[in-house]
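Be aware that the sequence shown starts at 251, since it is given in this note's numbering, and climbs by one per residue.
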Amino acid sequence: MFRVGGTVPSMDPTQATREVFWNIEYTWLVYVLMVPTLAIFGWGFWLKIRRWRAGQPAVRFDRLGERLQLFLRNAVGQGRTIRSRYAGVFHTLVYTGFIVLFLATTVVAIHHDTPLHIMKGHFYLVFQSLIVDVFGLFVLVGVALAAIRRWISKPNLLVYTDEASWILVTIFVMALTGFMVEGWRIAVTDDPWAAWSPIGNVFALASDPLMSDAAMQTGHVVIWWFHLVVAFGFIAWVPFSKMSHVFTAPLNIFTANLDGYGGSLKTIDFETAERFGINHLGDFTWKDLLDFDACTECGRCTDVCPANTVGKSLSPRDIILDLQGLMHRQGDQFLLNGNGNGNGSGANASDELLPIIDQKTAVSPEALFACTTCAACMEACPVHIEQMPKIVDARRYLVMEEADFPEGMMDMMNSLESRQHPFAGTQFSRVDWTEGLDIDVMAEMDDPHEAEVLMWVGCGGALVERNRNTVRATAKLLRKAGVKFAILGREESCTGDPARRVGNEFLFEMLAKGNVETMQRYGVRKVVTSCPHCFNSFRNEYPHFGGSYEVYHHTQFLDQLLESGRLDGHGAADSSSGSSTITFHDPCYLGRHNGEYEAPRNLLAKVGGARQVEMERSRNTSFCCGGGGGMAFVDEPPDQRVNQERAQEAVDTGADVVAVGCPFCATMLDDGVNARRGDREVKVRDVAELLWDAVGDSDQTVP
């Protein structure tokens with residue numbers, strides 16, 4: 251009978267091994283069953299690939315070095331998955347366990363089916379026995395943790411389906427039965443190397459006093475074949491279940507957008523486009539269609555969505571899943587009408603397919619127009635799905651094909667068309683803010699090329715009263731640093747960002763081309779702006795229209811001036827701001843969209859030694875002010891205001907000052923803080939205002 255496991259001293263570890271098909275007859279059935287398993291598996295993924303290839307073209311296999319780094323970091327290394335600690339732990343346990351068990355199965359196949367008998371000696375003991383057992387245990391623990399979360403904790407962000415539960419049960423059964431057959435083999439054969447298989451050895455020790463050798467042998471045969479059938483069935487099922495993400499997700503990460511969220515929107519060729527925007531599957535790129543199949547249903551995108559947080563109908567996850575379901579339901583028709591050659595042939599089927607925008611689904615106009623384009627969903631997605639560009643593409647269809655959009659956005663677009671700025675009710679001009687400052691205007695200069703930089707004021711800076719202090723402070727700081735700068739004055743028009751985000755691409759291009767023409771006339775090469783939306787347009791979008799510039803957000807440029815010594819920071823420590831506590835709100839279009847988090851904080855560190863505190867959601871997880879995507883121009887229901895949600899978070903830090911770096915954020919948070927601050931005195935001020943208070947001349951204060 252079985253002895254308590256342990257290696258026998260007289261045994262030579264270099265000879266350690268085991269019989270692959272111990273106690274198993276008719277082993278040829280394994281290979282017979284493998285053929286349909288792999289055939290179904292391959293057929294399932296071929297169907298997916300055919301669907302993707304029917305999409306519009308997209309360049310996503312360039313810059314291979316960068317893509318490989320991203321793949322290693324977020325696919326192999328699970329960089330984004332582990333941001334959520336609990337989910338990251340169980341997913342990593344199951345993920346790494348599966349990899350090791352797959353490698354172990356590969357070793358068995360090589361050892362048994364080729365002349366390379368590698369499953370022996372120290373390799374067999376250390377890897378094939380000890381490491382495989384440990385990682386098999388990882389799978390069991392990981393599935394148990396996932397089950398606790400799904401069946402007991404039940405967080406709101408998950409999608410609760412029978413399929414997800416069956417996946418957990420199947421994986422657990424495969425791992426458990428694997429240990430059972432290993433334990434019975436160890437017990438019956440009195441394996442001298444049992445101690446190297448600690449989990450299997452535990453099963454052996456537990457079974458030995460309860461079962462005879464004959465019973466364990468019978469159980470071994472039954473469970474071995476059961477394990478095989480379950481495993482092969484699971485493999486065949488993978489392409490048709492959410493488990494397909496183990497293949498689609500890594501591919502999606504490898505083909506992710508490398509240009510940042512700020513440059514993720516596609517341009518439209520208005521001369522050749524048959525329709526504008528997207529309302530049918532055939533209008534999506536192949537990468538969009540891959541996105542749908544890569545979704546893991548984790549819900550992180552919806553969990554961080556500001557619109558969803560305040561109770562609006564927008565759910566980025568549900569949009570992706572609804573489109574995925576539509577693609578699967580219409581798959582045959584989609585493929586029948588397209589040749590699947592990867593050149594957008596699915597567009598041939600568009601007129602015969604159901605529209606994707608439907609009031610009864612997650613892809614409703616109401617949901618689409620609730621998006622602030624903050625890209626929090628894209629930043630949170632562990633597999634790099636691009637939700638926001640799809641929302642904007644659908645908006646384009648509604649705006650340019652159906653003329654369907656909220657009333658506030660209509661007023662904004664009418665103002666852009668007639669006055670080249672979005673603020674229909676303002677009485678200010680583009681140059682009123684310069685009163686008393688003697689600012690150079692390009693058109694009035696003898697030689698505009700003498701200007702070192704163009705200070706792009708922006709609509710929010712010039713035409714909104716509370717923001718005029720920001721641009722005045724910026725101008726004074728530039729002058730104090732000896733920077734030769736000028737403005738366009740009345741020749742400045744909106745960059746078109748609000749129009750583009752709400753879906754009016756035609757209006758955006760008209761404004762963009764006009765600005766590029768004006769700037770080329772003056773030979774502009776370097777631009778400084780206090781508006782992250784303008785910053786993003788110049789940096790990521792204007793190059794498509796011939797406008798390539800060296801672009802700085804005002805916090806970046808001022809930070810460089812301080813570091814270089816051109817801007818004298820002496821005396822900042824004596825600033826009256828020193829007793830203040832400041833919290834900084836990261837603008838979406840400066841932070842997430844363009845990756846700048848340090849420059850504003852560097853400047854705030856100069857503000858008289860004022861103490862900085864961070865909001866719970868900051869930097870790349872910053873919560874939107876609610877003004878992006880055209881929402882600054884929409885009257886929201888009182889109980890669904892994103893700006894108040896963010897303002898409450900700022901007030902809860904105990905800060906006296908909420909620092910901002912965006913005119914839209916300033917306006918939205920001003921309103922939000924006033925609604926949520928209670929009896930406390932909390933001010934919203936731009937970083938430039940605070941810096942001028944700290945380093946400006948004592949006789950010059952921002953009016």
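Quick reminder that beta carbons are idealized off the backbone N, C-alpha and C, glycines included. Bear in mind that the values here come from a model prediction, so they are computed numbers and not experimental data.
Among residues of its own chain, excluding the 5 on either side of residue i, which ones have a beta-carbon nearer than 8 angstroms to its beta-carbon?
{"i": "His372", "result": "Pro263, Thr264, Ala266"}
{"i": "Gly510", "result": "Asn790, His843, Asn844, Gly845"}
{"i": "Ser826", "result": "Low confidence applies here, because Ser826 scores a pLDDT of 49, under 50, leaving its location unreliable; read the following figure in that light. Cβ neighbours of Ser826 beyond the five flanking positions: Gly858, Asp943."}
Assuming residue i and residue j form a contact by the criterion Cβ under 8 angstroms, report the distance between their Cβ atoms to the nearest whole angstrom.
{"i": "Val766", "j": "Phe795", "result": "5 angstroms"}
{"i": "Ile528", "j": "Ala644", "result": "6 angstroms"}
{"i": "Gln637", "j": "Ile569", "result": "7 angstroms"}
{"i": "Phe735", "j": "Ala749", "result": "Not really, about 27 angstroms apart at Cβ, beyond 8 angstroms."}
{"i": "Met650", "j": "Phe883", "result": "With 8 angstroms as the limit, Met650 and Phe883 do not qualify as a contact, their Cβ atoms being about 18 angstroms apart."}
{"i": "Cys627", "j": "Cys555", "result": "6 angstroms"}
{"i": "Pro913", "j": "Val714", "result": "6 angstroms"}
{"i": "Val480", "j": "Val431", "result": "Not quite, the Cβ-Cβ distance comes to about 12 angstroms (not below 8 angstroms), so this is no contact."}
Let me check understanding here. Comparing Cα to Cα, which of the options lies closest to residue i?
{"i": "Asp608", "options": "Val391, Gly845, Ala905, Leu648", "result": "Leu648"}
{"i": "Leu353", "options": "Ser379, Arg333, Ala337", "result": "Ser379"}
{"i": "Thr831", "options": "Ala860, Glu813, His803, Arg851", "result": "Ala860"}
{"i": "Gly911", "options": "Phe758, Gly708, Tyr772, Ser415", "result": "Gly708"}
{"i": "Arg313", "options": "Ala523, Thr427, Thr505", "result": "Thr505"}
{"i": "Ser787", "options": "Gly746, Val309, Ser780", "result": "Gly746"}
{"i": "His248", "options": "Pro605, Leu501, Ala481", "result": "A query on residue 248 cannot be resolved here, the shown segment of the chain reaching from 251 to 953 and no further."}
{"i": "Glu413", "options": "Pro405, Asp538, Phe484", "result": "Phe484"}
{"i": "Gly305", "options": "Phe534, Ala523, Val326, Tyr802", "result": "Phe534"}
{"i": "Tyr799", "options": "Glu813, Cys784, Gln810, Thr805", "result": "Cys784"}
{"i": "Pro837", "options": "Thr355, Gly878, Leu808, Ala523", "result": "Gly878"}
{"i": "Arg869", "options": "Gln670, Leu840, Val703, Ser462", "result": "Leu840"}
{"i": "Val496", "options": "Val309, Thr903, Gln328, Glu886", "result": "Gln328"}
{"i": "Ser780", "options": "Val801, Leu279, Pro448", "result": "Val801"}
{"i": "Thr871", "options": "Val472, Glu432, Ser334", "result": "Ser334"}
{"i": "Thr411", "options": "Thr427, His470, Ser491", "result": "Ser491"}
{"i": "Ala712", "options": "Gly513, Asp682, Val752", "result": "Asp682"}
{"i": "Asp654", "options": "Met461, Gly753, Gln770, Ala499", "result": "Gly753"}
Once the 5 residues before and after residue i are set aside, which same chain residues still bring their CB inside 7 angstroms of it?
{"i": "Met261", "result": "Pro442"}
{"i": "Asp949", "result": "Low local confidence applies: a pLDDT of 45 at Asp949 is under 50, so the model's placement there is unreliable, and no value is given."}
{"i": "Ala486", "result": "Thr287, Ile290, Phe291"}
{"i": "Glu899", "result": "Met865, Glu866, Arg867, Phe873"}
{"i": "Leu375", "result": "Pro263, Ala266, Trp443, Trp446"}
{"i": "Ile689", "result": "Ala725, Ile737"}
{"i": "Val934", "result": "Val908, Val910, Ala916, Leu919, Asp920, Val923"}
{"i": "Val385", "result": "The amino acid occupying residue 385 in the given sequence is Phe; Val does not appear at that position. Only Thr346, Gly347, Val350, Leu351 meet the Cβ criterion."}
{"i": "Arg816", "result": "Ala731, Gly732"}
{"i": "His210", "result": "This structure does not reach residue 210, given that the chain is present from 251 up to 953, and the question cannot be answered."}
{"i": "Asp538", "result": "Gly305, Lys640"}
Spatial neighbours of residue i within its chain, please: CB distance less than 6 angstroms, with the 5 preceding and 5 following residues excluded, ordered by chain position.
{"i": "Asp553", "result": "Leu407"}
{"i": "Gly549", "result": "Leu407, Leu408, Arg567"}
{"i": "Ala855", "result": "none"}
{"i": "Arg435", "result": "Trp272"}
{"i": "Pro632", "result": "Arg330, Thr331"}
{"i": "Arg991", "result": "The requested residue 991 is not part of the displayed model; the chain covers only 251 to 953."}
{"i": "Asp906", "result": "Ser830, Thr831"}
{"i": "Asn591", "result": "Per-residue confidence for Asn591 stands at a pLDDT of 49, beneath the threshold of 50, marking its modelled position as unreliable; the derived number appears in the next sentence. No residues qualify anywhere along the chain."}
{"i": "Leu540", "result": "Trp302, Asn502"}
{"i": "Thr951", "result": "For Thr951, the predicted model reports a pLDDT of 45, less than 50, meaning its position is unreliable; a value from the coordinates is still stated below. Answer for Thr951: no residue qualifies."}
{"i": "Ala325", "result": "Pro500, Ile503"}
Is any heavy atom of the ligand NAD found at a distance shorter than 6 angstroms from the C-beta of residue i?
{"i": "Trp446", "result": "The ligand NAD is not among the ligands present in this structure, which contains no ligands whatsoever."}
If you measure from the beta carbon of residue i to each beta carbon in chain D, is any gap under 7 angstroms?
{"i": "Arg330", "result": "The structure shown has no chain D; it contains just one protein chain."}
**OP:** Tell me, please, whether the region 384–396 touches the region 338–350 by the rule of three or more beta-carbon pairs shorter than 8 angstroms.
**Re:** yes
Subject >> Cβ contact check for the region 887–900 and the region 557–566: 3 or more pairs under 8 angstroms >> reply: yes
**OP:** Entirely within the region 695–765 and at least 3 residues each: give me those beta strand (DSSP E) ranges in chain order.
**Re:** 703–706
Original post:
Would you call the region 400–415 and the region 449–457 touching, i.e. three or more CB-CB distances under 8 angstroms?
Top reply: no
Subject >> Cβ contact (3+ pairs, closer than 8 angstroms) linking the region 363–371 and the region 567–581 >> reply: no
Subject >> Inter-stretch contact at 8 angstroms, needing at least 3 Cβ pairs: the region 710–725 / the region 934–942 >> reply: yes
Original post:
Any chance the region 472–479 sits against the region 296–303, with 3 or more Cβ pairs inside 8 angstroms?
Top reply: no
**OP:** Return the chain-ordered ranges of every alpha helix (DSSP H) run that is complete within the region 356–430 and spans a minimum of 4 residues.
**Re:** 382–398
**OP:** Decide yes or no for the touch test of the region 653–670 against the region 624–640: beta carbon pairs closer than 8 angstroms, at least 3 of them.
**Re:** no
Subject >> Complete alpha helix (DSSP H) runs within the region 269–344 (minimum length 4 residues, chain order) >> reply: 278–303, 314–321
Subject >> Every unbroken beta strand (DSSP E) inside the region 805–879 [3 residues or more] >> reply: 831–834, 861–863
Original post:
Which residue spans inside the region 760–795 form an unbroken beta strand (DSSP E) run of at least 3?
Top reply: 776–779
Original post:
Which whole runs of the beta strand (DSSP E) in the region 544–593 are 3 residues long or more, in chain order?
Top reply: none
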